[in-house]
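S.K.: As numbered in my numbering, residues 159 to 713 make up the sequence shown, in order.
All C-beta atoms in this analysis are idealised placements derived from N, C-alpha and C, irrespective of residue type, glycine included.
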Amino acid sequence: MRTRQNILFCLALLGLLCVSPVLAAVWPTDLPVSELPFSMTPPEEPQIPDKRFVITDYGAVGDGQTNNTEAFARAMEACAKAGGGRVVVPAGLWLTGPIRLVSRMDLHLEKGAVILFSPNIEDYPLEERSFEGRQEVRRMSPLTGDNLEHIAITGSGILDGSGQAWRPVKKEKMTERQWKELVASGGAVEPSGTMWWPSEKAMNGPQTVAELKKRKAPVADYAAAGEFLRPVMVSLVNCRNVLLDGPTFQNSPAWNIHPLLCENMILRNLQVRNPWWSQNGDGLDLESCRNVLVYNCTFDVGDDAICMKSGRDEYGRRRGKPTENVVISDCIVYHGHGGFVVGSEMSGGVRNIWVRNCSFLETDIGLRFKSTRGRGGLVENIFIQDIFMANIAVDAIHFNLFYSGSAPTLEESVNSPAAEVNEGTPRFERIFIRNVFCRGAKRAVYMQGLPEMPVREVEIKNTVISAQLGGLFLDTERLHLSDVSILPEKGPDLTFTNSRSILLERVKPSASKDGFLVLAGSRTKDIRLLGANRSNLSERIHYQFGCAPDVLGWE
């Protein structure tokens, strides 16, 4: 009996030794976890058996001409049958169709390895998939993993999605020479002359899809719009213990990396790239994910760079899975519509997010929060600190709850009617921003709530922003600015319209000739200035559109 027990013990020990070394669930040493503002256990790295499956052993040829779809599939199958291991991609140019990952595997790209996904759209089967927050029929993603455990994509190689074969291009995003060359290459141009498509079928895709949806067509019928149905490049759905470490992910058909309903994820040392004109060319979209660490990554993309999502409208609310417990640290965004973004598909909620020590350089917007009526969902407990920005094209800090609609102007917002509050009303509250420094933006802050649901409980502390225009706040409530300097080239430092319970504490006035503070709208009330020199500022405060001077208190 004892001999049998010893044998079993030795077999178990041997099994442990055959698993690749795994770090315990600990935070990176340079991450100040003592400052973590909510309770969260560190994500665990995947446990991968110590076995190798080199794709050349399964018939792969790295000449950039041979289609290696079947070779990758054979390597994956062998890895799965063996209980997992490392699928190795050596140096070379490996043309392939879609790759489907398996559990307990590491897709490892050695130095010089380039996985070039096929530009032949017919290589990607049609399937039902989540796209932009809802279930849609799309083409299969180039890299797919569903319902997996312990998976990794590592190494120093490149994964290229051949996005140029899929994406439309707006004329306004190209130089005249680039546009002429693009049109001359083939494809189709919309009658308006403002958008190029890779083919006429792709251009007509939106109308075709609308007709297919109307008659509730089966998936196979969507082949008529197949050239329009762009997928995300990396689609991971309902996966646990995921590690992405080292590779470059670039040139995606739509979003680049899209984890959905995933838990315990680590994304580090990644380079995520798309041409700046790439339509829907997001970098990382975490949707309804939990317990995620993103650090030491760089982004240079055509749309939002690091984005938190949780489904769209009623579909997202019904799923009811927030994105929560996410740490984002030590990342750089060189280009993107937004550096760090929440929304607009946030109907399942977003909470417990910590963003720290990130740089946004020449992005359109730095910190971006967006939603609209009909989305619903609650965004709360967002903690942002130590953000460094330069040459921001639009707003350094931006909240817009009229996204994809017509946000009212300052004059219009004064009498903007409130809609009914219901499950489709989005809520943004308890958002804490500190230590933000920006040199150069079109506008320092834009914060647009809804008349029926203001943006609430936002704190901005120890922040300095120089911009062409100052801060504009419409329909906000319980806002606290402390030790903030807004330095506009023209216009007032701060404008509040139909906002209430606002505390401005030690807010340093600029030298702007257009005033320090504008208070507008009959619904504006309870504005307090703490630590300000009344005699120096009284003449630099203006009241407009029915706002009375008695709304302002000095302390």
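1. Roughly how many angstroms lie between the CA atoms of residue 420 and residue 395, to the nearest whole one?
2. If we ignore side chains and look at the alpha-carbon of each, how far apart do residue 313 and residue 400 end up?
3. For residue 196, count the other beta carbons within 10 Å of its own beta carbon; 16 or more makes it buried, fewer makes it exposed. Which is it?
4. Would you report the Cα separation of residue 218 and residue 234, rounded to the nearest angstrom?
5. Identify which residue in 386, 707, 685 and 697 has its Cα closest to the Cα of residue 713.
6. Assuming the contact rule is C-beta atoms closer than 8 angstroms, residue 699 and residue 710 should be a hit. Round their C-beta distance to whole Å, please.
7. Taking the beta carbon of residue 330 as the centre, do at least 16 other beta carbons fall within 10 Å, making it buried, or is it exposed?
8. Here's the rule I'm using: 16 or more other beta-carbon atoms within 10 Å means buried, otherwise exposed. How should residue 452 be labelled?
9. Between the Cα of residue 447 and the Cα atoms of 258, 437, 424 and 441, which residue gives the shortest distance?
10. Do the CB positions of residue 443 and residue 494 come within less than 8 angstroms of each other?
11. Would you mind giving the Cβ-Cβ distance between residue 272 and residue 318, rounded to the nearest angstrom? I have them listed as a contact below 8 angstroms.
12. Output needed for residue 473: all residues of its chain with C-beta closer than 8 angstroms, excluding positions within five of it in sequence on either side, in chain order.
13. If you follow the beta strand (DSSP E) that residue 702 is part of, which residue opens it and which one closes it?
14. With a cut-off of 8 angstroms, does the C-beta of residue 564 fall near any C-beta of chain B?
15. Any idea what DSSP makes of residue 240, helix, strand or coil?
16. Beta carbon of residue 623, beta carbon of residue 591: below 8 angstroms?
17. Quick check: the Cα distance between residue 542 and residue 199, rounded to an integer number of angstroms?
18. For residue 575, count neighbouring Cβ atoms within 10 angstroms of its own Cβ and tell me buried if that reaches 16, exposed if not.
19. Let's test the definition: count the other Cβ atoms within 10 Å of the Cβ of residue 175 and tell me whether it reaches 16, buried, or not, exposed.
20. I need the straight-line Cα distance from residue 360 to residue 385, nearest angstrom please.
21. Grouping DSSP H, G and I as helix and E and B as strand, with all else coil, what is residue 365?
22. Looking only at its own chain, which residues have a Cβ that is under 7 angstroms from the Cβ of residue 323, when we skip the five neighbours before and after it?
23. Can you check which of these residues, 573, 481 and 184, is closest to residue 468 by C-alpha distance?
24. Go to residue 342, then tell me how far its alpha helix (DSSP H) extends in each direction, as first and last residue.
25. Cβ of residue 431 within 8 angstroms of Cβ of residue 458?
26. Mapping the DSSP letters down to three states, classify residue 198 as helix, strand or coil.
27. Just verifying my parser: in three-state terms, what is the DSSP assignment at residue 645?
28. Express the C-alpha separation of residue 567 and residue 670 in angstroms, rounding to a whole number.
29. Just to confirm my understanding: we take residue 692, look at its own chain, exclude 5 residues before and 5 after, and list those with CB closer than 8 angstroms. What are they?
30. Let's test the definition: count the other Cβ atoms within 10 Å of the Cβ of residue 378 and tell me whether it reaches 16, buried, or not, exposed.
31. Which of the three DSSP states, helix, strand or coil, is assigned to residue 430?
32. Pull up the distance between the alpha-carbon of residue 337 and that of residue 680, whole angstroms please.
33. Over the uninterrupted beta strand (DSSP E) stretch that includes residue 286, give me the two end residues.
34. Taking the C-alpha atoms as reference points, what is the distance between residue 350 and residue 672?
35. Nearest CA to the CA of residue 560: which residue from 367, 532 and 417?
36. Straight-line CA distance for residue 702 to residue 665?
M.R.: Reading off the structure:
1. Position 262 of the sequence shown, counted from the first residue, corresponds to residue 420. Position 237 of the sequence shown, counted from the first residue, corresponds to residue 395. Cα-Cα distance, rounded: 6 angstroms.
2. Start at 1 with the first residue of the sequence shown, and residue 313 comes out as number 155. Start at 1 with the first residue of the sequence shown, and residue 400 comes out as number 242. Straight-line Cα distance between these residues: approximately 15 angstroms.
3. For the purposes of this step, residue 196 is taken as residue 38 along the sequence shown, with counting starting at 1. By the 10 Å Cβ count, residue 196 comes out exposed.
4. For the purposes of this step, residue 218 is taken as residue 60 along the sequence shown, with counting starting at 1. For the purposes of this step, residue 234 is taken as residue 76 along the sequence shown, with counting starting at 1. Distance between the alpha carbons of residue 218 and residue 234: 12 angstroms.
5. In the sequence shown, counting from the first residue as 1, residue 713 sits at position 555. Checked all of 386, 707, 685 and 697; the closest Cα to residue 713 is 685.
6. Taking the first residue of the sequence shown as 1, we reach residue 699 at position 541. Taking the first residue of the sequence shown as 1, we reach residue 710 at position 552. About 7 angstroms separates the two Cβ atoms, so the contact holds.
7. Translated into the one-based positions of the sequence shown, residue 330 becomes position 172. Exposed.
8. The residue you call residue 452 lines up with position 294 of the sequence shown. It counts as buried.
9. Locating residue 447 in the sequence shown gives position 289, counting from the first residue. When the alpha-carbon of residue 447 is set against those of 258, 437, 424 and 441, the nearest one is in 424.
10. The sequence position of residue 443 within the sequence shown is 285, counting from 1. The sequence position of residue 494 within the sequence shown is 336, counting from 1. Not a contact, by the Cβ cut-off of 8 angstroms.
11. Along the sequence shown, read from residue 1 onward, the residue named residue 272 stands at position 114. Along the sequence shown, read from residue 1 onward, the residue named residue 318 stands at position 160. Right, their Cβ atoms sit about 6 angstroms apart.
12. Along the sequence shown, read from residue 1 onward, the residue named residue 473 stands at position 315. For residue 473, where only same-chain residues beyond five positions count, the Cβ hits under 8 angstroms are 291, 292, 293 and 505.
13. Indexing the sequence shown from 1 puts residue 702 at position 544. 699-702 is the extent of the beta strand (DSSP E) around residue 702.
14. The chain labelled as chain B is not found in the depicted structure, where only one protein chain is given.
15. For this step, residue 240 is matched to residue 82 along the sequence shown. If DSSP states are grouped into helix, strand and coil, residue 240 belongs with coil.
16. The count along the sequence shown starts at 1 and reaches residue 623 at position 465. The count along the sequence shown starts at 1 and reaches residue 591 at position 433. In this structure, residue 623 sits away from residue 591, with a CB-CB distance that is not shorter than 8 angstroms.
17. Taking the first residue of the sequence shown as 1, we reach residue 542 at position 384. Taking the first residue of the sequence shown as 1, we reach residue 199 at position 41. Distance between the alpha carbons of residue 542 and residue 199 is about 19 angstroms.
18. Reading the sequence shown from its first residue, position 417 is the one you call residue 575. Exposed, because fewer than 16 other Cβ atoms sit within 10 Å of the Cβ of residue 575.
19. Along the sequence shown, read from residue 1 onward, the residue named residue 175 stands at position 17. Note that residue 175 scores 42 on pLDDT, short of 50, meaning its location in the model is unreliable; the coordinates nonetheless yield the value given after this. By the 10 Å Cβ count, residue 175 comes out exposed.
20. As a first step, residue 360 must be located in the sequence shown, where it is residue number 202. As a first step, residue 385 must be located in the sequence shown, where it is residue number 227. Answer to the nearest angstrom: the Cα atoms are 5 angstroms apart.
21. Taking the first residue of the sequence shown as 1, we reach residue 365 at position 207. The answer is helix: DSSP assigns residue 365 an H, G or I state.
22. Within the sequence shown, residue 323 is the residue found at index 165, counting from 1. Around residue 323: 277, 279 and 356.
23. Indexing the sequence shown from 1 puts residue 468 at position 310. The residue with the shortest Cα to Cα distance from residue 468 is 481.
24. One-based indexing of the sequence shown puts residue 342 at position 184. Segment 334-342, the alpha helix (DSSP H) holding residue 342.
25. Position 273 of the sequence shown holds residue 431. Position 300 of the sequence shown holds residue 458. Yes, these two residues count as a Cβ contact at 8 angstroms.
26. Counted from its first residue, the sequence shown places residue 198 at position 40. Here residue 198 sits in coil by DSSP.
27. The sequence position of residue 645 within the sequence shown is 487, counting from 1. Three-state DSSP puts residue 645 in a strand.
28. Here residue 670 corresponds to residue number 512 of the sequence shown, with the count starting at 1. Here residue 567 corresponds to residue number 409 of the sequence shown, with the count starting at 1. One C-alpha to the other measures close to 22 angstroms.
29. Stepping through the sequence shown from its first residue, residue 692 is reached at position 534. Around residue 692: 712.
30. Position 220 of the sequence shown holds residue 378. Per the 10 Å Cβ criterion, exposed.
31. In the sequence shown, residue 430 corresponds to position 272, counting from 1. If DSSP states are grouped into helix, strand and coil, residue 430 belongs with the strands.
32. By 1-based counting over the sequence shown, the position of residue 337 is 179. By 1-based counting over the sequence shown, the position of residue 680 is 522. Spanning the two alpha carbons is a distance of roughly 49 angstroms.
33. Walking along the sequence shown from the start, residue 286 turns up at place 128. 284-289 is the span of the beta strand (DSSP E), which, as asked, contains residue 286.
34. By 1-based counting over the sequence shown, the position of residue 350 is 192. By 1-based counting over the sequence shown, the position of residue 672 is 514. Spanning the two alpha carbons is a distance of roughly 41 angstroms.
35. Here the question's residue 560 lines up with position 402 in the sequence shown. Measuring from the Cα of residue 560, the nearest candidate turns out to be 532.
36. In the sequence shown, counting from the first residue as 1, residue 702 sits at position 544. In the sequence shown, counting from the first residue as 1, residue 665 sits at position 507. The straight-line gap from Cα to Cα measures roughly 21 angstroms.
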